[in-house]
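Sequential numbering of the sequence shown, starting at 541, is according to our numbering.
A quick write-up on the structure given underneath.
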Amino acid sequence: MPTRRQFCQSAAGAATAAMLPRMEIPSLLPQAKPAPYRVDRPMHQLQQEFLDLRFGMFLHFNMATFQDLEWGDPTGPTAAFDPTDLDTDQWARAAKSAGMTYGCLTTKHHDGFCIWPTKTKSDSILQTPKKLDVVKAYADSFRKAGLKVGLYYSILDLRGDIRHFNVTPEKIQRIKDQLTELLTNYGEINVLIFDGWDAPWSRIPYDEVPFEEIYALVKKLQPNCLISELNASQYPPTALYYSDIKAFEQNAGQHLPSDSSIPAQSCVTLTDGWFWKQEDAGKELKSTKQVVEEWLVPQNRLFCNLILNAAPNREGKLAPNIVARLEEIGRAWKHGGPAAKVDPAVVITTQNQATGQPIHASRSSDTYGPDMANDGKFGNSWYLPEGDTEGWLEISFKKAVAFNTLVFVEPVGRFNDYRASRLAGYRFQIWDGKEWKEVASGKTPQTVQIHTVSRQTTSKLRLLIEAKSDTPHISEIGVYDEPR
541 MPTRRQFCQS AAGAATAAML PRMEIPSLLP QAKPAPYRVD RPMHQLQQEF
591 LDLRFGMFLH FNMATFQDLE WGDPTGPTAA FDPTDLDTDQ WARAAKSAGM
641 TYGCLTTKHH DGFCIWPTKT KSDSILQTPK KLDVVKAYAD SFRKAGLKVG
691 LYYSILDLRG DIRHFNVTPE KIQRIKDQLT ELLTNYGEIN VLIFDGWDAP
741 WSRIPYDEVP FEEIYALVKK LQPNCLISEL NASQYPPTAL YYSDIKAFEQ
791 NAGQHLPSDS SIPAQSCVTL TDGWFWKQED AGKELKSTKQ VVEEWLVPQN
841 RLFCNLILNA APNREGKLAP NIVARLEEIG RAWKHGGPAA KVDPAVVITT
891 QNQATGQPIH ASRSSDTYGP DMANDGKFGN SWYLPEGDTE GWLEISFKKA
941 VAFNTLVFVE PVGRFNDYRA SRLAGYRFQI WDGKEWKEVA SGKTPQTVQI
991 HTVSRQTTSK LRLLIEAKSD TPHISEIGVY DEPR
């Protein structure tokens, strides 16, 4: 009597032959190997050094500050940006008083106003009364105080009309030129937070403003600069998709998983919003107890920094209530030294070559076809029909692909009753032109199961699964050719 594994192999092969249409098999032509990213210190070392910082200050200060808005009005006059008494030394002193070790300033938010003298076409402080280079003042003050320097940059740019379906080569070059200015003129930047990119509300995908090109540029200019992309609403919370440091925006309902084991930072505000509002001077702030006991301490235990937003007011200073609360936090919490050692984690930086490719399955339920496992949407999933204990998904690439990283994702935690993996085993196989060849396998997988393998080329890939309990789902299959 055949075993489950033998049955899975033979059934998959027979069903494939019966179900798949006849097609021309792509030739296994070699693809050019992507050039590795520039490196100085190893990624794992940089991630550990970042976690050792533990606590940072987010500084939302831009055009919205002077408009009492969360997103600046892109039609408003640039002259509105007019801090009357900019004091970045005060920002640094307040950060130190709280025990913070780094900062991150909003160089350009979603409205597109630049608070440095950019030479690009974007509106900037050059069109304001005082022409203050806020980025330089901030970076100088924080370094003078012994603090690390981070920057925030929004890809979405309403003044520059950098929006979904409106991206042009000229606009991509403008983004690159601005990042080159920021990473060339302001010393060492330890972390760069991206926002307004591949998010449900900005809708600018990574192939429209090409992530790989931007990532490579950052690493070329500053190889030790870590990228932290605010994309947790789009990608699984337990893996580093397009981010060296996973970022969770607590104000948007993105929360650190209780078993998180990847390097991360969690963003939250002292006030109700990100930018200072006139009413904030008299409003209640988040309590010291909440900041320290509910966020900072438990998150640090899970390899996650807390970056707490303290928004400067229209003077360009932190208001007295903000300063007092930060001092109180510093009395309640002391930096505990280096963080616990985090395990190495694979960073995904390239496009998924499986997305949108022809795909077939052993069987499918009525409205949950196999294409739900390679549509680029982690909220969808294919699943084994009821009663099936084994099955497979097979991708036939339109042209041969080279790869060195294979991934599949189960929707663990997405449903109330899907609390752990439902798989007893799995195997990745590729077609070598003559037969199926196994390239990776395992028993009960992680929610996001990642395998790094030797670089090879194939025209077809197959994921075979064995059920452990209930009905297993596959949210997404990933096939990547990572530079390394």
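We put the beta carbon where it would ideally sit given N, CA and C, even for glycine.
No experiment lies behind these values; they were computed from the predicted model shown.
CB contact flag (residue i, residue j, <9 Å)
{"i": "K613", "j": "M603", "result": "First, the amino acid is wrong: residue 613 is Asp here, not Lys. A contact, by the Cβ cut-off of 9 Å."}
{"i": "L757", "j": "I729", "result": "no"}
{"i": "L766", "j": "I754", "result": "no"}
{"i": "Y966", "j": "L1004", "result": "yes"}
{"i": "N944", "j": "D883", "result": "no"}
{"i": "F968", "j": "R1002", "result": "yes"}
{"i": "A634", "j": "F682", "result": "no"}
{"i": "P878", "j": "L842", "result": "no"}
{"i": "A864", "j": "F601", "result": "no"}
{"i": "E610", "j": "G736", "result": "no"}
{"i": "I990", "j": "V979", "result": "no"}
{"i": "E855", "j": "P623", "result": "yes"}
{"i": "P1012", "j": "L963", "result": "yes"}
Alpha helix (DSSP H) segment containing residue i, residue limits
{"i": "D680", "result": "674-684"}
{"i": "I869", "result": "860-872"}
{"i": "L723", "result": "709-725"}
{"i": "W631", "result": "628-638"}
{"i": "K760", "result": "751-761"}
{"i": "N944", "result": "Here N944 belongs to no alpha helix (DSSP H); instead the beta strand (DSSP E) covers 930-949."}
{"i": "N845", "result": "Taken as a continuous stretch (DSSP letters only), N845 belongs to no alpha helix (DSSP H), being part of the beta strand (DSSP E) at 844-849."}
{"i": "Q794", "result": "Careful: Q794 lies outside any alpha helix (DSSP H) and carries neither H nor E."}
{"i": "V837", "result": "837-841"}
Integer Cβ distance of residue i from residue j, believed to fall under 8 Å
{"i": "N845", "j": "Q805", "result": "4 Å"}
{"i": "I695", "j": "V749", "result": "5 Å"}
{"i": "G652", "j": "D697", "result": "4 Å"}
{"i": "R699", "j": "S662", "result": "7 Å"}
{"i": "L933", "j": "A913", "result": "6 Å"}
{"i": "V674", "j": "L626", "result": "7 Å"}
{"i": "Q630", "j": "K857", "result": "6 Å"}
{"i": "A894", "j": "I1017", "result": "5 Å"}
{"i": "R903", "j": "G931", "result": "6 Å"}
{"i": "K648", "j": "A685", "result": "Their Cβ separation, rounded to whole angstroms, is 24 Å, which puts K648 and A685 out of contact at 8 Å."}
Residue interval of the beta strand (DSSP E) (run including residue i)
{"i": "M597", "result": "595-599"}
{"i": "Y1020", "result": "1016-1020"}
{"i": "T992", "result": "988-1007"}
{"i": "R967", "result": "963-971"}
{"i": "K977", "result": "976-982"}
{"i": "Y880", "result": "Note on identity: in this sequence residue 880 is Ala, with Tyr being the wrong assignment. First-last for A880: undefined, no H or E at that position."}
{"i": "C644", "result": "642-648"}
{"i": "F788", "result": "786-789"}
{"i": "Y692", "result": "688-694"}
{"i": "L732", "result": "731-735"}
{"i": "L924", "result": "From DSSP, L924 is part of no beta strand (DSSP E); its letter is neither H nor E."}
{"i": "E769", "result": "766-769"}
Reference residue i, options the options, closest by Cα
{"i": "C848", "options": "R683, I869, E855, T647", "result": "Here residue 848 is Leu; the residue named in the question, Cys, does not match the sequence. L848 has its Cα closest to that of I869, out of R683, I869, E855, T647."}
{"i": "Y642", "options": "Y966, F734, V674, R594", "result": "R594"}
{"i": "F815", "options": "L599, A575, F843, Q588", "result": "L599"}
{"i": "A1007", "options": "K1000, P985, S994, K874", "result": "P985"}
{"i": "F734", "options": "G793, P709, H650", "result": "H650"}
{"i": "P777", "options": "G953, Q893, A859", "result": "G953"}
{"i": "N771", "options": "F682, N840, I888", "result": "I888"}
{"i": "I744", "options": "E1016, E950, Q774, K1000", "result": "Q774"}
{"i": "Q587", "options": "A880, E930, E926, C644", "result": "A880"}
{"i": "D799", "options": "S768, L810, Q839", "result": "Q839"}
{"i": "A620", "options": "M640, Q667, A575", "result": "Q667"}
{"i": "W835", "options": "L609, G596, T997", "result": "G596"}
{"i": "K573", "options": "Q585, V886, D1010, T997", "result": "T997"}
{"i": "T890", "options": "A942, A872, E867, G727", "result": "A942"}
{"i": "A638", "options": "G616, W873, L761", "result": "W873"}
{"i": "F590", "options": "T646, T605, A787", "result": "A787"}
{"i": "C644", "options": "S664, A677, T624", "result": "A677"}
{"i": "F751", "options": "Y577, Y726, K983", "result": "Y577"}
{"i": "E926", "options": "S981, D1010, F606", "result": "D1010"}
{"i": "F705", "options": "A885, Y746, Y726", "result": "Y746"}
{"i": "N892", "options": "K671, D915, T811", "result": "D915"}
{"i": "L761", "options": "S664, G793, G727", "result": "G727"}
{"i": "L946", "options": "N764, N853, V886", "result": "V886"}
{"i": "C654", "options": "Y693, F955, I862", "result": "Y693"}
Chain B within 9 Å of residue i, Cβ atoms only
{"i": "F595", "result": "Absent from the structure: chain B. Only one protein chain is present."}
Notebook entry, point to check: Counting pairs of Cβ atoms below 8 Å between the segment 917-937 and the segment 890-902, do you hit three or more?
Noted result: These segments touch.
Check: Pairing CB atoms from the segment 974-982 with CB atoms from the segment 918-933, are three or more of them under 8 Å?
Finding: In short, these stretches do not touch, since the Cβ pair count stays below three.
Margin query: Between the segment 780-790 and the segment 822-832, can you find at least three pairs of beta-carbon atoms closer than 8 Å?
Written below: No, the segment 822-832 is not in contact with the segment 780-790.
Next item on the list: Flag this pair as touching only if the segment 654-671 and the segment 712-730 have three or more C-beta atom pairs under 8 Å; answer yes or no.
Entry: The segment 654-671, when compared against the segment 712-730, does touch it at the 8 Å Cβ threshold.
Note to self: Counting beta carbon pairs with one atom in the segment 674-689 and one in the segment 702-715, are three or more of them shorter than 8 Å?
What the structure shows: Three or more Cβ pairs closer than 8 Å define a contact, and the segment 702-715 falls short of that threshold against the segment 674-689.
Margin query: Under 8 Å, with one C-beta from each stretch per pair, do the segment 827-836 and the segment 581-589 reach the 3-pair mark?
Written below: Segments in contact, no.
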